[in-house]
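Peer 1: Before we start, here is the structure in question, set down as structure tokens.
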Amino acid sequence: MRFTLPATIFVALFLGLSITVSAQSESRDQVLSQIEAKRAELAALEKSFLEPSADDYAAYAEFLKQPDTGLTRLLPRETYDDDVKSNKKSLTTRGGGAFYSFTRRTHEYGSGTQIGLEQNEFNVSFAGADYGMITNLGDVPLEAVTSENPAIKFLASYSAAEEEPQARSEYRRFASGETIGGTIYKTRAQARLNRTYALRGIHYSDSDVLVAFRIIRKDDDDSVIILWKLLKKYPKPELARNN
740 MRFTLPATIF
750 VALFLGLSIT
760 VSAQSESRDQ
770 VLSQIEAKRA
780 ELAALEKSFL
790 EPSADDYAAY
800 AEFLKQPDTG
810 LTRLLPRETY
820 DDDVKSNKKS
830 LTTRGGGAFY
840 SFTRRTHEYG
850 SGTQIGLEQN
860 EFNVSFAGAD
870 YGMITNLGDV
880 PLEAVTSENP
890 AIKFLASYSA
900 AEEEPQARSE
910 YRRFASGETI
920 GGTIYKTRAQ
930 ARLNRTYALR
940 GIHYSDSDVL
950 VAFRIIRKDD
960 DDSVIILWKL
970 LKKYPKPELA
980 RNN
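Heads up: the sequence shown at position 149 corresponds to 888 in this note's numbering, and the numbers run straight through without jumps.
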């Protein structure tokens, strides 16, 4: 015998199933909204964690009124970057807050990152053919530093490599260290409190900058707060790649 559902029962079952599917769909949408809200909340917390203190800003308020200046905290990569080791202290910010771009004004590691902090050392050369060099100027006021400073003249007048083999050769040159006019230029420098530094960061198809900065404070977690100023922006460098 053939059994047929009454139309009313069929409709009721169909509507019930539709309501269940709709409820499940709404529930997942709600969960997604919560995820997005939590992500935004976490980003705000990490931004707050990376900020220098209110006292830092107050102490250098006059200096920070100048254009192309800033105050930035760098976290030790070995502690906060999950790519280095699995650590409960790691941040979701790519690079763990150990990197910074003076042009993009972001801690997110990526294109245009000009400085990093790891094992109490600054690093200014990272991936690919991009490279840079840094020098310790000593205990000199940041306000007094210009591109005419004898130790900075080489950085200021340096011409970026235009071909990939040359760029990689220059990276190796400064990785080993190059002494010019009594000043040593390297891809790394020890992070020392109350010392002023100058760096040249060359990032192909992105930026080429000359920056001076000073470590004004070191926190208990080995993060450093740097006061900085952008001395010069050069034309965006382009690189002739190997075929």
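Quick reminder that beta carbons are idealized off the backbone N, C-alpha and C, glycines included.
If we count Cβ pairs, one from each stretch, closer than 8 Å, do we get three or more for the segment 906 to 914 versus the segment 961 to 969?
Peer 2: At 8 Å Cβ cutoff, the stretches do not touch.
Peer 1: Can you tell which of Ala837, Pro976, Lys971 and Lys957 has its C-alpha closest to the C-alpha of Ala900?
Peer 2: In the sequence shown, residue 900 corresponds to position 161, counting from 1. Cα-wise, what sits closest to Ala900 is Pro976.
Peer 1: Can you give me the Cβ contacts of Ser840 inside the same chain, cut-off strictly under 6 Å, excluding the 5 residues immediately before and after it?
Peer 2: As a position in the sequence shown, residue 840 is number 101, starting the count at 1. Result list for Ser840: Gly851, Thr852 and Gln853, in chain order.
Peer 1: Please report the residue range of the alpha helix (DSSP H) in which Gln905 lies.
Peer 2: Position 166 of the sequence shown, counting from 1, holds the residue named residue 905. It spans Glu903 to Ser915 - the alpha helix (DSSP H) in which Gln905 sits, taken as one unbroken run.
Peer 1: Only counting the same chain, and skipping five residues up and downstream in sequence, which positions put a Cβ closer than 6 Å to that of His942?
Peer 2: Position 203 of the sequence shown, counted from the start, is the residue given in the question as residue 942. Gly851 and Asp869, listed in sequence order.
Peer 1: Taking buried to mean at least 16 other C-beta atoms within 10 Å of its own C-beta, is Val950 buried or exposed?
Peer 2: Counting from one through the sequence shown, the residue named residue 950 turns up at place 211. The residue in question, Val950, is buried, as its Cβ has 16 or more Cβ neighbours within 10 Å.
Peer 1: Mark Asn933 as exposed unless 16 or more other C-beta atoms lie within 10 angstroms of its C-beta, in which case mark it buried.
Peer 2: Here residue 933 corresponds to residue number 194 of the sequence shown, with the count starting at 1. Flag for Asn933 reads exposed.
Peer 1: To the nearest angstrom, report how far apart Glu780 and Ala937 are at their CA atoms.
Peer 2: Here the question's residue 780 lines up with position 41 in the sequence shown. Here the question's residue 937 lines up with position 198 in the sequence shown. Straight-line Cα distance between these residues: approximately 35 Å.
Peer 1: Would you mind listing the alpha helix (DSSP H) stretches within the segment 918 to 947 that are 4+ residues and don't spill past its ends, in chain order?
Peer 2: You should have found no qualifying run.
Peer 1: I'd like the list of long-range same chain contacts for Arg767, defined as Cβ closer than 8 Å, with 5 residues on each side in sequence excluded.
Peer 2: Reading the sequence shown from its first residue, position 28 is the one you call residue 767. Here the set comprises nothing.
Peer 1: How long is the line joining the alpha carbons of Arg980 and Pro904, rounded to whole angstroms?
Peer 2: Sequence index remark: in the sequence shown, residue 980 carries index 241 (1-based). Sequence index remark: in the sequence shown, residue 904 carries index 165 (1-based). Rounded to the nearest angstrom, the two C-alpha atoms are 8 Å apart.
Peer 1: Going straight from the alpha carbon of Tyr799 to that of Ser792, what length do you get?
Peer 2: Residue mapping note: residue 799 aligns to position 60 of the sequence shown, counting from 1. Residue mapping note: residue 792 aligns to position 53 of the sequence shown, counting from 1. Roughly 11 Å separates the two Cα atoms.
Peer 1: Return the CA-CA distance between Arg931 and Ser787, expressed in angstroms with no decimal places.
Peer 2: Locating residue 931 in the sequence shown gives position 192, counting from the first residue. Locating residue 787 in the sequence shown gives position 48, counting from the first residue. In a straight line, the C-alpha of Arg931 is about 24 Å away from that of Ser787.
Peer 1: Is Tyr848 buried or exposed, if buried means 16 or more other CB atoms sit within 10 Å of its CB?
Peer 2: Position 109 of the sequence shown holds residue 848. Label assigned to Tyr848: buried.
Peer 1: Decide if Ile873 is buried, meaning its Cβ has at least 16 other Cβ atoms within 10 Å, or exposed.
Peer 2: The residue you call residue 873 lines up with position 134 of the sequence shown. Buried.
Peer 1: Label Asn859 either buried or exposed according to how many other C-beta atoms from any shown protein chain fall within 10 Å of its C-beta, with 16 as the threshold for buried.
Peer 2: As a working mapping, residue 859 is identified with position 120 in the sequence shown. Its Cβ having fewer than 16 others within 10 Å, Asn859 is exposed.
Peer 1: Once you ignore the five residues that flank Gly809 on each side, which residues in its own chain have a CB closer than 6 Å to its CB?
Peer 2: Reading the sequence shown from its first residue, position 70 is the one you call residue 809. Excluding residues within five positions, the ones whose Cβ falls inside 6 Å are Trp967.
Peer 1: Which residue's Cα is closest to the Cα of Asp959: Phe802, Leu814 and Asp807?
Peer 2: Walking along the sequence shown from the start, residue 959 turns up at place 220. Of the listed residues, the one whose Cα sits closest to Asp959 is Leu814.
Peer 1: So, helix, strand or coil for Tyr796, using DSSP?
Peer 2: Within the sequence shown, numbered from 1, the residue matching residue 796 stands at position 57. If DSSP states are grouped into helix, strand and coil, Tyr796 belongs with the helices.
Peer 1: To the nearest whole angstrom, what separates the beta carbons of Leu881 and Ala890, a pair I think is in contact under 8 Å?
Peer 2: By one-based count along the sequence shown, residue 881 stands at place 142. By one-based count along the sequence shown, residue 890 stands at place 151. Between Ala890 and Leu881 the Cβ distance is about 14 Å, and since that is not below 8 Å, they are no contact.
Peer 1: In the DSSP output, which residue or residues are listed as bridge partners for Ala979?
Peer 2: By one-based count along the sequence shown, residue 979 stands at place 240. Glu902.
Peer 1: According to the Cβ coordinates, are Phe861 and Arg927 closer than 9 Å?
Peer 2: Residue numbering aside, residue 861 sits at position 122 when the sequence shown is read from its first letter. Residue numbering aside, residue 927 sits at position 188 when the sequence shown is read from its first letter. Yes, these two residues count as a Cβ contact at 9 Å.
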